[in-house]
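Below is one structure, written out as structure tokens; the observations come after it.
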Amino acid sequence: MDLLKIEALTNSFNGIIHTIKGKEEVVEVWFARELQTILGYARWENFLIAISRAVESCKTLGINVDDHFREVTKMVELGSGAKREITDIMLTRYACYLIAQNGDPKKEEIAFAQGYFAVQTRKAELIAEYIQQISRLETRERLRISEKQLSQSIYQRGVDDKGFGRIRSKGDTALFGGYTTEDMKNRLGIKSTRPLADFLPTLTIAAKNLATEMTNYNVGQKDLFGEESITQEHIQNNKSVRIMLGQRGIEPENLPAAEDIKKVERRVEKNEKQIEKSTSKLPK
Numbered sequence: 229m230d231l232l233k234i235e236a237l238t239n240s241f242n243g244i245i246h247t248i249k250g251k252e253e254v255v256e257v258w259f260a261r262e263l264q265t266i267l268g269y270a271r272w273e274n275f276l277i278a279i280s281r282a283v284e285s286c287k288t289l290g291i292n293v294d295d296h297f298r299e300v301t302k303m304v305e306l307g308s309g310a311k312r313e314i315t316d317i318m319l320t321r322y323a324c325y326l327i328a329q330n331g332d333p334k335k336e337e338i339a340f341a342q343g344y345f346a347v348q349t350r351k352a353e354l355i356a357e358y359i360q361q362i363s364r365l366e367t368r369e370r371l372r373i374s375e376k377q378l379s380q381s382i383y384q385r386g387v388d389d390k391g392f393g394r395i396r397s398k399g400d401t402a403l404f405g406g407y408t409t410e411d412m413k414n415r416l417g418i419k420s421t422r423p424l425a426d427f428l429p430t431l432t433i434a435a436k437n438l439a440t441e442m443t444n445y446n447v448g449q450k451d452l453f454g455e456e457s458i459t460q461e462h463i464q465n466n467k468s469v470r471i472m473l474g475q476r477g478i479e480p481e482n483l484p485a486a487e488d489i490k491k492v493e494r495r496v497e498k499n500e501k502q503i504e505k506s507t508s509k510l511p512k
């Protein structure tokens with residue numbers, strides 16, 4: 229997501245902030261029906277599902293739901309000029325963050341909202357940085373899942389854990405233009421005991437995941453059996469992904485290392501714990 233898009237979305241979200249006066253402070257709040265539109269939900273019923281999940285998350289964390297979610301009624305004007313009463317939900321910043329966490333991850337607006345409500349200052353640069361961190365964590369998790377799926381499926385096809393390690397290593401060699409996994413660790417200054425993917429940029433992690441997903445698919449479609457045939461499949465898929473990257477002028481072996489993903493995880497987790505504490509509660 230580019231900075232211009234983030235700035236435009238920031239302005240849209242800022243435009244639906246409301247304030248209510250508490251005993252000691254002014255509290256920023258959002259209304260669910262306005263948030264629904266900006267988050268790209270066409271139907272209120274579908275958005276209520278995300279809200280319900282957010283409420284359950286709040287309960288699971290042992291946080292008082294009434295501090296962050298409050299049902300209200302509003303009068304709205306119909307096309308005929310008549311008015312009718314509708315139900316809405318008043319939300320704190322933390323409530324909005326939980327809704328984004330439980331929304332449709334395929335929606336670009338949801339990804340933005342996670343960053344927007346996670347950072348207290350609404351500077352586009354800080355929101356962009358948070359979105360990039362979350363994207364890298366999610367991409368790394370997808371690679372973990374696809375590699376686990378491949379390991380499990382090929383075990384049923386005559387390949388043990390050591391064989392899976394060899395298959396994955398040869399896939400890396402194909403993706404990185406002849407550099408082995410250990411070669412890449414040396415190039416990027418990574419300890420031999422740490423996974424290479426924990427220090428790769430999001431683009432390279434996504435490339436590894438695409439090749440692995442292709443192998444997962446074709447192992448089943450082609451009914452491949454044994455280490456040799458699955459290795460050749462995985463090598464070819466990594467070569468194909470490398471060719472695609474090369475057509476866009478990208479050489480994955482020459483991309484710089486990214487920050488240790490464990491540090492990113494700890495920073496994001498710490499920030500998430502602070503969101504509720506730093507959010508003003510709804511007045512009683």
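In my numbering, the protein residues as written are 229 to 512.
Beta carbons: idealized from backbone N, C-alpha and C, even for Gly.
N- and C-terminal bounds of the beta strand (DSSP E) containing residue i
| i | result |
| --- | --- |
| E313 | 311-319 |
Residue i in three-state terms, based on DSSP
| i | result |
| --- | --- |
| K302 | strand |
| V283 | helix |
| T440 | helix |
| M472 | helix |
| D426 | helix |
| L452 | coil |
| I234 | helix |
| A435 | helix |
| A485 | coil |
| K509 | coil |
| L289 | coil |
| K419 | coil |
| A270 | coil |
| I277 | helix |
| E479 | coil |
Beta-carbon separation (whole angstroms), residue i vs residue j, contact threshold 8 Å
| i | j | result |
| --- | --- | --- |
| L267 | I314 | That belief does not hold up - the Cβ atoms of L267 and I314 are roughly 18 Å apart, past 8 Å. |
| E481 | F404 | 4 Å |
| T265 | R364 | Going by Cβ atoms, the distance from T265 to R364 rounds to 29 Å, so no, they are not a contact pair. |
| F340 | I359 | 7 Å |
| Q342 | V492 | Contact flag wrong, Cβ pair sits at about 14 Å. |
| E455 | G391 | 5 Å |
| G495 | N437 | The question names Gly, but residue 495 in the sequence shown is Arg. Actually they do not touch by this definition, with Cβ atoms about 23 Å apart. |
| S397 | E441 | Between E441 and S397 the Cβ distance is about 18 Å, and since that is not below 8 Å, they are no contact. |
| I433 | A439 | I433 to A439, Cβ: 11 Å. No contact. |
| Y344 | T238 | 7 Å |
| T443 | L378 | 6 Å |
| T247 | K509 | About 14 Å separates the two Cβ atoms, so there is no contact after all. |
| I458 | V387 | 6 Å |
| R385 | L452 | 7 Å |
Beta-ladder partner(s) of residue i, from DSSP
| i | result |
| --- | --- |
| V255 | I248 |
| F297 | L319 |
Residue i - containing alpha helix (DSSP H), residue span
| i | result |
| --- | --- |
| G331 | Run containing G331: none; DSSP gives neither H nor E here. |
| T401 | 389-403 |
| D411 | 409-416 |
| E375 | 352-383 |
| V496 | 489-506 |
| F340 | 336-346 |
| T349 | That residue, T349, is in no alpha helix (DSSP H); it is neither H nor E in DSSP. |
| E520 | One cannot answer for residue 520 here, as it falls past the ends of the chain, which runs 229 to 512. |
- [ ] Examine the Cβ distances between the region 338-355 and the region 420-436 and report whether three or more of them are shorter than 8 Å.
- [x] Not touching, per the Cβ criterion.
Open item on the list: Counting beta carbon pairs with one atom in the region 480-495 and one in the region 296-303, are three or more of them shorter than 8 Å?
Closed with: As far as the Cβ criterion goes, the region 296-303 does not touch the region 480-495, which means the pair count is below three.
Task: Inter-stretch contact (C-beta, 8 Å, three-pair minimum) for the region 351-365 and the region 232-244 - done: Between the region 351-365 and the region 232-244 there are three or more C-beta pairs closer than 8 Å, enough to call the two in contact.
TODO: Mind the definition here: the region 280-296 touches the region 324-343 only if three or more C-beta pairs lie below 8 Å; say whether that holds.
DONE: The region 280-296 vs the region 324-343: in contact.
TODO: Inspect the CB distances between the region 241-260 and the region 457-466 and report whether three or more fall short of 8 Å.
DONE: Between the region 241-260 and the region 457-466 there are fewer than three inter-stretch CB-CB distances shorter than 8 Å, so the stretches are not counted as touching.
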